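Undergrad: Protein chains in written order, with our numbering: chain A, 35 to 164; chain B, 281 to 530; chain C, 15 to 599. Glycine is no exception: its CB is placed at the ideal position from the N, C-alpha and C atoms. From a predicted model like this one, the values you see are computed outputs, not experimental measurements.
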Amino acid sequence: MSRKPFVREVSKTGWYLKHPRYMRYMSREVTCIPIGAFALLLVCAVERLAQGQQAWDSFVAALTGPWSFLGMAVILAFSTYNATNWFNVTPKAMPVQTGEDFLDGKYIVGAHYAVWAIATLVVLFFAGVL
Amino acid sequence: MTQLKKRMVQLEVLRYDPEKDKEPRFQKYTVECNEEWVVLDALTAVKETIDPTLNFRWSCHMAVCGSCGMMVNGEPKLSCHAFLRSYEGVIRVEPLANFPIERDLVTVADDFIDKLKRVKPYLIPKEKKSIAEGEYKQTPAQLMKYRQFSMCINCMLCYAACPEYGLQPKFIGPAAITLAHRYNQDSRDGGRDERQEVIATNEGVWECSFVGACSEVCPKAVDPASALQQVKVASTIDWFKEHLLPGGAK
Amino acid sequence: MEIVTTDVVIIGAGGAGLRAAIALAETDPKLSVALISKVYPMRSHTCAAEGGAAGVIKKDDSFDLHFDDTVGGGDWLSDQDCVEYFVHEAPKELTQLEHWGCPWNREADGSVAVRPFGGMKKQRTWFAADKSGFHILHTLFQTTLQFPSIQRFDEYFALDLLVDDGRCQGVTAMEMRSGMIKQFHAKSVIICGGGAGRMFPFSTNGAIKTGDGMALAYRAGVPLKDMEFVQYHPTGLPNTGSLLTEACRGEGGVLLNKNGRRYLQDYGMGPETPLGKPQLKTMELGPRDRVSQAYWHELQKGNTVTTPWGECVMLDMRHLGEKYIDERLPLVRELGIAYLGVDIAKEAIPIRPVVHYMMGGISTNTKAATQLPGLFAAGECACVSLNGANRLGSNSLVELLVFGKSAALSAIAHMQGLPKPNTAALQARANESQARVRELFSRTDGTESMSGLRKEMMDTMEKNAGLYREEIGLKEAVAKLAELRQRYNKIVLHDKSNVFNTDLFQVLELGSMLDCAEALAVSALARKESRGAHQRLDYVERDDQTFLRHSMAFYQGLNPPRLDYLDVVITKSPPGVRDYSGDHK
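1. Which same chain residues, not among the five before or five after glycine 184/C, have their C-beta less than 7 Å away from its C-beta?
2. State the DSSP-derived secondary structure class of asparagine 573/C, mapped to helix, strand or coil.
3. Going by alpha carbons, who is nearest to cysteine 251/C out of Ser420/C, Glu189/C, Val369/C, Phe131/C?
4. Of all Cβ atoms in chain B, is any one closer than 8 Å to the Cβ of tyrosine 115/A?
5. Looking at the C-beta of lysine 530/B, does it have a partner C-beta in chain A at a distance below 8 Å?
6. Mind checking glutamate 348/C: buried by the 16 CB within 10 Å criterion, or exposed?
7. Can you give the Cα-Cα distance for tryptophan 323/C and glutamate 316/B, rounded to whole angstroms?
8. Just the C-alpha distance for leucine 291/B and threonine 324/B, rounded to the nearest angstrom, thanks.
9. Could you confirm whether any beta carbon from chain C is found closer than 8 Å to the beta carbon of lysine 395/B?
10. Below 9 Å on C-beta distance, what does tyrosine 309/B contact in chain C?
11. Which chain A residues sit within Cβ distance under 9 Å of valine 513/C?
12. Just tell me which of Tyr553/C, Ile358/C, Asn503/C, Lys239/C has its CA closest to the CA of aspartate 581/C.
13. Tell me whether aspartate 179/C is buried or exposed, calling it buried when 16 or more other Cβ atoms sit within 10 Å of its Cβ.
14. For leucine 289/C, report the span of its alpha helix (DSSP H) as first-last.
15. Could one say the Cβ of aspartate 301/B lies closer than 8 Å to chain C's Cβ atoms, at least one of them?
16. Under the DSSP definition of a beta bridge, which residues are partnered with valine 356/C?
17. Do the segment 59-75 of chain C and the segment 103-117 of chain C make contact, defined as three or more Cβ pairs closer than 8 Å?
18. What residues of chain B sit near histidine 102/C, judged by a beta carbon separation below 7 Å?
19. Work out the CA separation of leucine 45/C and glutamate 189/C for me, nearest whole Å.
20. Excluding the 5 residues preceding and the 5 following methionine 281/B in the sequence, name in chain order all residues of the same chain whose CB lies nearer than 7 Å to its CB.
21. Does the beta-carbon of methionine 15/C have 16 or more other beta-carbons within 10 angstroms, so that it is buried, or is it exposed?
22. Could you tell me the alpha carbon to alpha carbon distance between glycine 87/C and lysine 489/C, rounded to whole angstroms?
23. Can you tell me which of Met527/C, Ser511/C, Ile195/C, Cys530/C puts its alpha carbon nearest to the alpha carbon of isoleucine 17/C?
24. Tell me which same chain residues have a C-beta within less than 7 Å of the C-beta of glycine 255/C, skipping the five on either side of it?
25. According to a CB-to-CB cut-off of less than 7 Å, which residues of the segment 188-201 of chain C neighbour chain A?
26. Tell me which residues of the segment 89-122 of chain C have at least one Cβ-Cβ distance to chain B shorter than 7 Å, keeping chain order.
27. Can you tell which of Lys337/C, Thr474/C, Phe141/C, Thr458/C has the C-alpha that lies nearest to the C-alpha of tyrosine 498/C?
28. Closest by CA to phenylalanine 40/A, which one among Pro420/B, Glu382/B, Met288/B?
29. Taking DSSP as the reference, what is the three-state secondary structure of phenylalanine 171/C?
30. Quick check on this structure: which residue in Gln448/B, Lys397/B, Phe336/B has the alpha carbon closest to the alpha carbon of valine 386/B?
31. Whose CA, out of Ala229/C, Asp168/C, Tyr338/C, Tyr579/C, lies closest to the CA of serine 192/C?
32. Measuring straight from C-alpha to C-alpha, what distance separates leucine 467/C and leucine 454/C?
33. For the segment 415-436 of chain B, which residues have a beta carbon sitting closer than 7 Å to at least one beta carbon of chain E?
34. Would lysine 599/C pass as an interface residue toward chain B - the criterion being a Cβ-Cβ separation below 8 Å?
35. Just the C-alpha distance for alanine 403/C and tryptophan 90/C, rounded to the nearest angstrom, thanks.
36. Which of helix, strand or coil does DSSP assign to cysteine 530/C?
Structure (structure tokens):
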């Protein structure tokens, strides 16, 4: 047979370097690391809370300070990036049809931001900040 | 009368002749083009005036037959819709990514054709109707629910762009799943369960991590990424209904 | 050489071929069907058809009216028994397509919508946005995927029919990606290979429309009928030739010359209808041949607009409004912007007539049977004759369905009680076919360039066999094409690879086009009248006394074809006057 189809290898480790669109995707995916770290931190917090007032106070004390503040800022930045990226694509997963037209995506995205804002206000209220 | 402006275009084309080459190699061509031409016109000019042994697929030259997909400067494009005016310097032309190369710019499309068939992309009517009874009624709103997803020209640019398909060749892929979804959304159709068995699987939508590259490169604005996410949502709701509702109601 | 034994082999997987395959699979699932195509089915040029498919459904419409429109539109060259059959079958086929999932546009109540179209007295054109052909093709292709009896041979180039014992019993075809030639032994063969518009330099046709199906039958002794009738679509983009659907005019677009005048009223299609309110069968909704010919006259008068791509007229759709355009003509808008930089919602777009469709082709009867037992043909490659001297827009897409099915049923009928094939004889034919192709590879004394010959062919067709023809030009074309066919035997094949060798395919396609072109030129020279799309400057009148007959061109090897004539079947509509003025009955 004269045929000999040639298969071009795709690098399992470096494929995302090939195009800016893949880098953007990876930057979204990589936010899972700081978010995952924060989730672990919250688990620790619950554990400390269960261990009593002293454990809780020393936990809170450990979280005060410039490095901790920096860490929280980084986590907040990544979380925001993650959330805004996902909010912006929600219309794709949940199109709303009104008659022959589709609801403009901005309303669906806007609704997400609105819920986020309200949830933030509620949390801040209960935290005694508001 | 205004003359059509000409331009010398440099192409760097990936060549491969399995009867001669161990592996693909780039070949440079310089060809005179009209400024308003597309990459396909440049390739045709090369074949007609410089190198008759250059091979590529094409037909309609109006972005509706889906034959001429290839990589232009690393981006999946229909070569009949890749305007020379958008490119400067040397234009690199390669066969569509993620498919084996048959010869020059011609790829082996078998995998895509197989997957297209697997998803049962045909109407499985909810109710039988004879021709004499006329057409199934479908309102304009019902038509709009799926029409966008019926626009796919099977050009496979989305498969070339999808990194999942590149890394995991078993992935059924954007176009095939979108076509299944097109029928799922058709008010006349009753075959959703059959198709879900194929597409709501690990090789189906759950391989997709919503990179969204498919929708970015789609020349017909079909938005396959959207279709896949919609299938995921539907599949998830199915799963909950099946496990939480009495009798596993669907 | 590998032998594929099957019940039916279908050559060509466009609308007609796919419809035939489905009809075979549905009628008898035990039949084996081999569907051969030189491209994947979705690439077939059916995908480029835009406007729609005609079928009578409205209460104020009737089969008689569709019949009259078609016969008149065909300038009385259509076989009326065929037209009668066609108009009755059309709505059934379109409904069947809807049952298979075709996304026809709808009225508010959910019933199928229809739009006005050229040359039609009533609105009867079913449509799917401005991508009707695309949706029809994909609906048919996707429907075939559910039938296990249909075996596809994608990217196989058909080479020669296998004829023995006075019957067509198969075909040889090359697997394009390996160069391997296989023989297909079948009880019936259906050709659905499409038209041959690429023999002209400027057409709406895709690269694949090279008349291979026509040439296959022609070389096997089946006559090509009415080849001189080539349709020019009035509105094509002046640079690429891409089609701008007739629906542009159906929805209300108007044609203007350089003075802003709606010039069609000067050519028997007036009076001028109000802007945005097109009236059926008049002005911009006149038949294609008249509208294209009006351009030619305007060109002679110096009324056309000079553009970098040649002389054009303007198609103005601005008054339709952006929203309406996006709903009804989105592809057209996109084409204009992408390929010409013109947004039809904002400016008038320059256009010119382009070669679009071949009314002529493989001679068949209403049952899609050729005069060679076992060989059937349907679609643009066939000439039944439904379309006569000029086809009405939106009749062709239905033609694929009606006669695709017809061919399938005839193929099944033919299969009953056949004697066993003489396999040895078929093998011998197949070996000859293979030798013909191998000779191209081993040829050492070639002198001619494929693209050079192709260009010479296109030049003579454009110059001498275009919109308006005359004796001196046609004689030149006949002589030139005979010369080119001789020189063809000295073509150099540059690419000697076996793997997807498009140099080889283009050489074979050129051979098909040269055969078809010569049949066209000879038929045109002999037809000393003007009728429909065949217009002679030296014989300007229609001559029903002598030429109410079909031209039949018979292959004579390297010699020009022998011509014969076949009377047109007239049943209830004697030849009349084609009246496209606004106050016609």
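TA: Let me spell this out:
1. Counting from one through the third sequence, the residue named residue 184/C turns up at place 170. Closer than 7 Å at Cβ, skipping near neighbours: Val23, Leu176, Gln197, Phe198, His199, Ala200, Val203, Leu440.
2. The residue you call residue 573/C lines up with position 559 of the third sequence. When secondary structure is reduced to three states using DSSP, asparagine 573/C falls in the strand class.
3. Position 237 of the third sequence, counted from the start, is the residue given in the question as residue 251/C. The sequence shown places leucine at residue 251/C, rather than the cysteine named in the question. It is Val369/C whose Cα lies nearest to the Cα of leucine 251/C.
4. In the first sequence, counting from the first residue as 1, residue 115/A sits at position 81. No, tyrosine 115/A does not count as interfacial toward chain B.
5. Position 250 of the second sequence, counted from the start, is the residue given in the question as residue 530/B. Residue placement at lysine 530/B is poorly supported in this model, since its pLDDT is 49, which falls under 50; the coordinates still yield a value, given next. Interface residue (Cβ-Cβ distance to chain A less than 8 Å): lysine 530/B is not classified as such.
6. What you label residue 348/C is simply residue 334 of the third sequence in a count that begins at 1. Residue environment analysis places glutamate 348/C among the buried positions, since at least 16 neighbouring C-beta atoms fall within 10 angstroms of its C-beta.
7. Position 309 of the third sequence holds residue 323/C. Position 36 of the second sequence holds residue 316/B. Rounded to the nearest angstrom, the gap between the Cα atoms of tryptophan 323/C and glutamate 316/B is 11 Å.
8. By 1-based counting over the second sequence, the position of residue 291/B is 11. By 1-based counting over the second sequence, the position of residue 324/B is 44. So the two alpha carbons sit approximately 12 Å from each other.
9. Position 115 of the second sequence, counted from the first residue, corresponds to residue 395/B. Taking Cβ atoms only, chain C never reaches closer than 8 Å to lysine 395/B, which makes this a no.
10. In the second sequence, the residue the question calls residue 309/B occupies position 29. Per Cβ cutoff of 9 Å: no residues; tyrosine 309/B is ~15 Å from chain C at best.
11. Here residue 513/C is taken as the residue at index 499 of the third sequence, counted from 1. In chain order: Ser36, Arg37, Lys38.
12. On the third sequence, residue 581/C is found 567 positions in, with the first residue counted as 1. Considering only alpha carbons, the answer is Lys239/C.
13. What you label residue 179/C is simply residue 165 of the third sequence in a count that begins at 1. Only exposed fits aspartate 179/C, as fewer than 16 other CB atoms lie within 10 angstroms of its CB.
14. Working through the third sequence from its first residue, we reach residue 289/C at position 275. Leucine 289/C -> no alpha helix (DSSP H), and no H or E assigned at all.
15. Counting from 1 along the second sequence, the entry for residue 301/B is found at position 21. Any Cβ of chain C closer than 8 Å to the Cβ of aspartate 301/B would place that residue at the interface, and such an atom is absent.
16. Stepping through the third sequence from its first residue, residue 356/C is reached at position 342. Beta bridge pairing from DSSP links valine 356/C with no other residue.
17. In short, these stretches touch, since the Cβ pair count reaches three.
18. Position 88 of the third sequence, counting from 1, holds the residue named residue 102/C. Chain B residues near histidine 102/C: none, gap ~13 Å exceeds 7 Å.
19. Within the third sequence, residue 189/C is the residue found at index 175, counting from 1. Within the third sequence, residue 45/C is the residue found at index 31, counting from 1. Their backbone Cα atoms lie some 23 Å apart in a straight line.
20. If you number the second sequence from 1, residue 281/B lands on position 1. In this prediction, methionine 281/B scores a pLDDT of 41, lower than 50, which makes its location untrustworthy; the coordinate-derived value is nonetheless stated afterwards. None.
21. Position 1 of the third sequence, counted from the start, is the residue given in the question as residue 15/C. If you draw a 10 Å sphere on the C-beta of methionine 15/C, you find fewer than 16 other C-beta atoms in it, and that means exposed.
22. Working through the third sequence from its first residue, we reach residue 87/C at position 73. Working through the third sequence from its first residue, we reach residue 489/C at position 475. Taken atom to atom, the span from the alpha-carbon of glycine 87/C to that of lysine 489/C is near 28 Å.
23. Counted from its first residue, the third sequence places residue 17/C at position 3. The closest CA to that of isoleucine 17/C, considering only Met527/C, Ser511/C, Ile195/C, Cys530/C, is found on Ile195/C.
24. On the third sequence, residue 255/C is found 241 positions in, with the first residue counted as 1. The beta carbon of glycine 255/C lies closer than 7 Å to those of Phe216, Ser217, Thr218, Val368 in the same chain, with the five residues before and after it left out.
25. Correct list: Arg191, Ser192, Gly193.
26. So the list reads Lys106, Thr109, Gln110, Glu112, His113, Trp114, Gly115, Pro117, Arg120, Ala122, given in the order they occur along the chain.
27. As a working note, residue 498/C is residue 484 in the third sequence. A quick correction: the sequence has leucine, not tyrosine, at residue 498/C. Checking every option, the nearest Cα to that of leucine 498/C belongs to Thr474/C.
28. Position 6 of the first sequence holds residue 40/A. The shortest CA-to-CA distance from phenylalanine 40/A to any of Pro420/B, Glu382/B, Met288/B is the one to Glu382/B.
29. Residue 171/C sits at position 157 when you count from the first residue of the third sequence. It is a strand residue.
30. Here the question's residue 386/B lines up with position 106 in the second sequence. It is Phe336/B.
31. Taking the third sequence and counting its residues from 1, the one referred to as residue 192/C is at position 178. The candidate whose alpha carbon is nearest that of serine 192/C is Asp168/C.
32. On the third sequence, residue 467/C is found 453 positions in, with the first residue counted as 1. On the third sequence, residue 454/C is found 440 positions in, with the first residue counted as 1. The alpha-carbon atoms of leucine 467/C and leucine 454/C are separated by roughly 16 Å.
33. In the displayed structure, chain E is absent; the protein chains listed are A, B and C.
34. By 1-based counting over the third sequence, the position of residue 599/C is 585. Confidence is the limiting factor: at lysine 599/C the pLDDT is only 44, short of 50, which leaves the residue's position unreliable, though a coordinate-based value still follows. Using beta-carbon distances, lysine 599/C does not count as an interface residue toward chain B, since no partner is under 8 Å.
35. To locate residue 403/C, count along the third sequence from 1; it is residue 389. To locate residue 90/C, count along the third sequence from 1; it is residue 76. Straight-line Cα distance between these residues: approximately 7 Å.
36. Counting from 1 along the third sequence, the entry for residue 530/C is found at position 516. Correct three-state label for cysteine 530/C: helix.
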